[in-house]
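Numbering (UniProt numbering), first residue to last: 1 to 333.
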């Protein structure tokens with residue numbers, strides 16, 4: 001047998017069984033390749049997840065740091081706010097103390113202006129007491145004791161003592177420095193008390209008082225002493241304005257309007273210079289001559305009325321003098 005005849009069959013026998021094995025190997029290689037690719041993708045995905053988680057953790061750490069900084073800043077802000085609040089409270093208390101001192105100074109200044117009238121008010125009952133007691137002494141010395149006459153004179157003297165006591169008590173109450181307490185106040189009575197302290201000064205200046213107070217007897221909630229000071233300041237301004245007026249009339253009115261009481265004080269004086277109706281309520285502002293008035297009276301009155309949830313305004317129509325209107329809310333029933 002020749003070599004040419006044997007070789008093809010040998011080659012066929014040698015290569016025939018290897019083809020399925022190669023196919024299997026290729027399939028296995030492909031499978032392994034796909035597996036490697038899958039593993040690689042999974043590893044890449046896991047790495048991406050790891051990096052994403054790392055970023056999240058870093059962001060969370062930064063957020064925690066910012067939150068901690070914000071917390072510390074908030075603590076500082078709260079501490080500053082507390083200190084500021086305490087400082088405001090301290091300054092408000094100082095302001096209240098100064099206002100109380102100013103009001104007290106205004107009251108004492110008002111009492112100083114009333115000295116002449118008050119002396120006259122006290123002098124009258126003292127003179128009367130002296131007269132009644134003198135009558136009794138005369139009766140005793142003359143031996144004409146009449147029990148009825150003596151008792152009448154003694155009772156009259158006691159009445160005069162009570163009158164003087166009331167005046168002194170009123171002055172002490174008005175002038176003392178006391179905590180401000182609000183209560184129900186019959187406003188007409190406060191007006192009359194203020195008028196009583198100034199009545200003698202008004203009489204000495206020939207000022208006619210035209211009084212028309214509401215019969216409804218309006219009641220407000222407030223400090224009777226402070227309200228009396230307001231009315232005295234307004235009345236004192238009217239007194240001064242009428243000093244050289246040809247017609248001297250002071251009109252005082254009170255009226256109930258809805259849920260408030262309206263009080264008006266009008267005089268026939270020269271009035272308020274145009275454009276100064278608001279400025280007269282400024283501290284230390286006055287249209288009076290130097291040495292006549294502190295410029296605090298109406299400013300104090302304005303502050304007191306404002307504290308009582310009310311209003312005070314001034315108007316001065318040409319040729320009609322000055323009018324002060326005070327409005328206060330009525331006490332809730």
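For every residue, glycine included, the Cβ atom is placed at its ideal position computed from N, Cα and C.
Asked: Best match in 233, 198, 332 for proximity to residue 260 [C-alpha to C-alpha]; Found: 332
Asked: Simplified DSSP assignment, three categories, for residue 223; Found: coil
Asked: 4-residue-minimum alpha helix (DSSP H) runs that sit fully inside the stretch 120-164, ordered along the chain; Found: none
Asked: Straight-line Cα distance separating residue 274 from residue 224; Found: 33 Å
Asked: Nearest-angstrom Cα separation, counted from residue 72 out to residue 65; Found: 11 Å
Asked: Secondary structure of residue 247, DSSP reduced to three states; Found: coil
Asked: Beta carbon of residue 263 nearer than 7 Å to that of residue 280; Found: no
Asked: Contact between the stretch 150-166 and the stretch 218-232 (3+ Cβ pairs under 8 Å); Found: no
Asked: Exposed unless 16 or more other CB atoms sit within 10 angstroms - verdict on residue 232; Found: buried
Asked: Cut-off 7 Å between Cβ atoms - residues of its own chain near residue 313, not counting five sequence neighbours on either side; Found: 325
Asked: Residue burial classification, residue 187 (beta-carbon count within 10 angstroms, cutoff 16); Found: buried
Asked: According to DSSP, residues forming a beta bridge with residue 208; Found: 249
Asked: Given residue 254 as reference, the closest of 197, 83, 218 once Cα atoms are compared; Found: 218
Asked: Buried versus exposed call for residue 268 [16 or more other C-beta atoms within 10 Å across all chains shown]; Found: buried
Asked: Alpha-carbon spacing of residue 124 relative to residue 140, whole angstroms; Found: 25 Å
Asked: Residue burial classification, residue 216 (beta-carbon count within 10 angstroms, cutoff 16); Found: exposed
Asked: Own chain partners of residue 291 with C-beta closer than 8 Å, once the 5 adjacent residues on each side are dropped; Found: With a pLDDT of only 47 at residue 291, under the threshold of 50, the placement of this residue in the model should not be trusted; the figure read from the coordinates follows. Counting only Cβ-Cβ distances below 8 Å, and skipping sequence neighbours, we find nothing.
Asked: Neighbourhood of residue 136 by C-beta distance below 6 Å, restricted to the same chain and skipping five residues each side; Found: 150, 153
Asked: Under 7 Å between C-beta atoms of residue 303 and residue 271; Found: no
Asked: Under the three-state DSSP convention, the category residue 328 falls into; Found: strand
Asked: Distance between residue 91 and residue 52 (C-alpha atoms, nearest Å); Found: 56 Å
Asked: Among 315, 316, 300, 319, the one whose alpha carbon lies nearest that of residue 101; Found: 300
Asked: Bounding residues of the beta strand (DSSP E) (the contiguous stretch that carries residue 315); Found: 311-315
Asked: Candidates 132, 62, 35, 146: closest to residue 159 by CA position; Found: 132
Asked: Residue 323 versus residue 309 - alpha carbon distance; Found: 20 Å
Asked: Inter-residue Cα distance where the pair is residue 183 and residue 307; Found: 14 Å
Asked: Status (buried if at least 16 other CB within 10 Å, exposed otherwise) for residue 252; Found: buried
Asked: 8 Å contact criterion, which residue 126 and residue 164 should meet: CB distance rounded; Found: 7 Å
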